[in-house]
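So the protein sequences, as listed, match chains W and S.
Take any residue in the first sequence, note its place counting from 1, add 713, and you have its number in this note's numbering.
Take any residue in the second sequence, note its place counting from 1, add 1161, and you have its number in this note's numbering.
Just so it is clear, CB atoms sit at the ideal spot from N, CA and C, and this is done for glycine as well.
Owing to the predicted nature of the structure, the values given are computational and were not obtained by experimental measurement.
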Amino acid sequence: MTKVDLKRKGRKLIIKIIFLLFLLLIWWLLYKIHFWPAWLFPSPRQVFKTLIKGFANHTFIWGILISMRRLFIGFGFALLVGSFVGFLLAKVKIINETVGFLVLGLQTLPSICWLPLALLWFGLNEKAIIFVVIMGSIMSMTIAMESAVKNIPPLFIRAGKMLGVQGWQLFCHVIFPAILPSFITGIKQGWSFAWRSLMSGEMLFITLGLGQLLMIGRQLNDMSQVMAVMLVIIMIGIIFDKLIFGVMENSVRRKWGLK
Amino acid sequence: MRLQVKNISKKFKAKSNYVGALDQVSLDVKSGEFICLLGPSGCGKSTLLNLIAGLEAPDQGEIYSRGKIGLMFQEAALFPWLKVKDNVGFGLKMQKVHRPEIAEQVDKYLSMMHLSAFAEAYPHELSGGMKQRAALARTLILNPDLLLMDEPFAALDAQTRERLYGDLQKIWQETKKTIIFVTHNVREAVCLGDRVEVFTARPGKIKKEFKINLSRPRNLNDVAVAQISNEIMQELKEEIDKVAAEMADYKKHQND
Ligand SMILES: Nc1ncnc2c1ncn2[C@@H]1O[C@H](COP(=O)(O)OP(=O)(O)O)[C@@H](O)[C@H]1O
Ligand SMILES: [Mg+2]
């Protein structure tokens, strides 16, 4: 990164921080003039305190760990199976005409609609919620992989063949690296579907996790808990979307010269 | 390496009918020869190279060749995810050659192509001419007996192209490879080839062969090159006119 780039980044960061401080100020002012009653609209300080307390007494940490575990199992499965099916969809015509049609149909179903079915099949337990996470992201992973494979420039395959790739080498050294940029974008999108499905699932049926912490806040009429948990959920979203996937995406795109 | 192409024909399936790409093409190339295939675009030149390279199979006819074949495309087709040095070493890596050996060979071919300073660069950081040189290094490193080049310089600016003509003739003289070079540029063909094969419009047939007995290295602006180019141009023009007429006809049909 050049000096100018760093400077520009620094400037952007400062603008963002100032804007956030400004929002906090407005929040605090609204609280101060009692625009809404305090139990509906807590001060930034209260929410911050709840946040610290949640981490100090480990309830938030457990909530995060439980939710993350579900997310990793569910999305991990969707990632593996979805990518594999997507690859087949791109390569085998008859599978495309049958399974492809099914995937497109099922993709239109909002993932939370799978919950009643999951509850009946698996009961009120971990399996049901993981099932919802899987169904929420597997179609999108499948479709992302299919289009990534279909869009590989044939020239790369031919060049690979002329340079003597054989069997698996074609997949490992040509096809996989060729789809990587669109595949990472697909993972990023699939992850956000999985994350949304998980949160809706956790809020609808009582079981530990961040979604439930949110609902507990509501039941206890504890607005600062609701807001604190929302902040945690936002932070996790930002960490994955912007930091982990964003950095992966950028580094690949820079290598390719797509930026 | 000797190459014999005997009565090759190839058709492609279009929407409703078949398009003849090549019709009864025969070609005999001696070891160490530099052949240029010249023809209007769409006459089946790339198809012929793909058939010789074994990327596609002919409908009729036979191709005899022994030895390794390298093919270079019109676009450099470098892998954008690999550094220049890894692109050049790609073929050796696929053959599981030991790493130090690969590094040594890569160095050699990069310096031959004046690309040593760009070993660590990614393809998108190279100019068009540098990309083609990297692609040539990537092909030559596998030491092919027959080098097929499909309009490799067509997308480059005139200056870069002229420099590459010089480089290519030098490499050819040093390595004694057999080269088949496809182009639609008459002067380019005369400047490079021992023989120039002029193709008809689609379906491609060899219309006429010209032997070019000029001393090397040749330059694009040599008087002799210009003279012979003129002669060949007469031959080629008929075919280009045919393509133009076909296109006009096609447009008219669309407008009707
Ligand atoms: N894979 C293919 N499928 C259908 N038609 C093709 C295919 N490859 C080439 N053709 C057709 O065959 C003809 C010859 O193509 P090509 O060999 O690329 O010509 P050239 O390289 O001389 O410009 C063209 O009309 C082209 O449209
Ligand atoms: Mg062509």
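What are the start and end residues of the alpha helix (DSSP H) that includes residue i?
| i | result |
| --- | --- |
| Val1343/S | From DSSP, Val1343/S is part of no alpha helix (DSSP H) but of the beta strand (DSSP E) over 1339-1344. |
| Phe844/W | 839-863 |
| Gly1365/S | Premise fails: Gly1365/S is in no alpha helix (DSSP H) and is neither H nor E. |
| Ser780/W | 772-804 |
| Val1186/S | Looking at the DSSP string, Val1186/S is not in any alpha helix (DSSP H); the run it does join, the beta strand (DSSP E), is 1179-1190. |
| Ile731/W | 716-745 |
| Phe1195/S | Taken as a continuous stretch (DSSP letters only), Phe1195/S belongs to no alpha helix (DSSP H), being part of the beta strand (DSSP E) at 1195-1199. |
| Asn963/W | 959-969 |
| Glu1323/S | 1319-1336 |
| Pro757/W | 757-769 |
| Phe1314/S | Segment: none, Phe1314/S is in no alpha helix (DSSP H) and carries neither H nor E. |
| Phe748/W | Neither: Phe748/W is in no alpha helix (DSSP H) and is coded neither H nor E. |
| Val945/W | 936-951 |
| Met928/W | 923-932 |
| Asn1211/S | 1206-1214 |
| Trp834/W | 828-835 |
| Phe814/W | 814-820 |
Given the structure, does residue i come close to ligand 1, in the sense that its CB is under 7 Å from one of the ligand's heavy atoms?
| i | result |
| --- | --- |
| Phe1195/S | no |
| Arg871/W | no |
| Arg1227/S | no |
| Ser1277/S | no |
| Phe1173/S | yes |
| Gly1222/S | no |
| Ser1202/S | yes |
| Ala1409/S | no |
| Arg1324/S | no |
| Lys1182/S | Checking the sequence shown, residue 1182/S turns out to be Ala, not Lys. At least one heavy atom of ligand 1 is nearer than 7 Å to the Cβ of Ala1182/S, so yes. |
| Arg782/W | no |
| Arg1348/S | no |
| Arg909/W | no |
| Arg1356/S | no |
| Arg967/W | no |
| Arg1377/S | no |
| Arg724/W | no |
| Arg1363/S | yes |
Closer than 7 Å: is that where the CB of residue i sits relative to any heavy atom of ligand 2?
| i | result |
| --- | --- |
| Asp718/W | no |
| Glu1312/S | yes |
| Lys1206/S | yes |
Cβ closer than 7 Å: which chain W residues qualify as neighbours of residue i?
| i | result |
| --- | --- |
| Gln1256/S | Gly877 |
| Tyr1283/S | Lys968, Gly970 |
| Pro1241/S | Trp969, Gly970 |
| Glu1236/S | Leu868 |
| Gly1252/S | Leu876, Gly877 |
For residue i, write down the residues that DSSP places opposite it in a beta bridge.
| i | result |
| --- | --- |
| Phe1371/S | Val1357/S |
| Lys1167/S | Glu1223/S |
| Lys1172/S | Gly1181/S |
The beta strand (DSSP E) that contains residue i, what's its start and end?
| i | result |
| --- | --- |
| Met1310/S | 1307-1311 |
How would you list, in chain order, the residues of chain S whose beta-carbon sits under 8 Å from the beta-carbon of residue i?
| i | result |
| --- | --- |
| Pro755/W | Those do not exist, as Pro755/W stays about 50 Å from chain S at its closest Cβ, beyond 8 Å. |
| Pro823/W | What Pro823/W touches in chain S: nothing, since even the nearest Cβ is about 36 Å away. |
What does residue i touch in chain W if you count any residue whose Cβ is under 8 Å from its own?
| i | result |
| --- | --- |
| Gly1231/S | Met875 |
| Leu1303/S | Leu876, Gly877 |
Just the chain S side, please: which residues come within less than 7 Å of residue i by C-beta, in chain order?
| i | result |
| --- | --- |
| Arg1054/W | A query on residue 1054/W cannot be resolved here, the shown segment of chain W reaching from 714 to 972 and no further. |
| Gln882/W | Met1255 |
| Pro829/W | Within chain S, no residue comes near Pro829/W; the closest Cβ sits about 45 Å away, beyond 7 Å. |
Name the chain W residues whose beta carbon is nearer than 9 Å to that of residue i?
| i | result |
| --- | --- |
| Arg1299/S | Ala872, Leu876 |
For residue i, which residues in chain S fall below 9 Å Cβ to Cβ?
| i | result |
| --- | --- |
| Leu793/W | What Leu793/W touches in chain S: nothing, since even the nearest Cβ is about 22 Å away. |
| His771/W | What His771/W touches in chain S: nothing, since even the nearest Cβ is about 43 Å away. |
| Leu893/W | Trp1242 |
Ordered list of alpha helix (DSSP H) runs contained in the region 1227-1303 of chain S, each at least 4 residues: As far as the region 1227-1303 of chain S is concerned, its whole alpha helix (DSSP H) runs of at least 4 residues are 1245-1255, 1260-1273, 1289-1301.
Quick check for students: name the residue ranges of the alpha helix (DSSP H) that lie wholly in the region 860-920 of chain W, counting only runs of 4 or more. If one requires a minimum length of 4 residues, the alpha helix (DSSP H) runs lying completely within the region 860-920 of chain W are 867-875, 889-917, in chain order.
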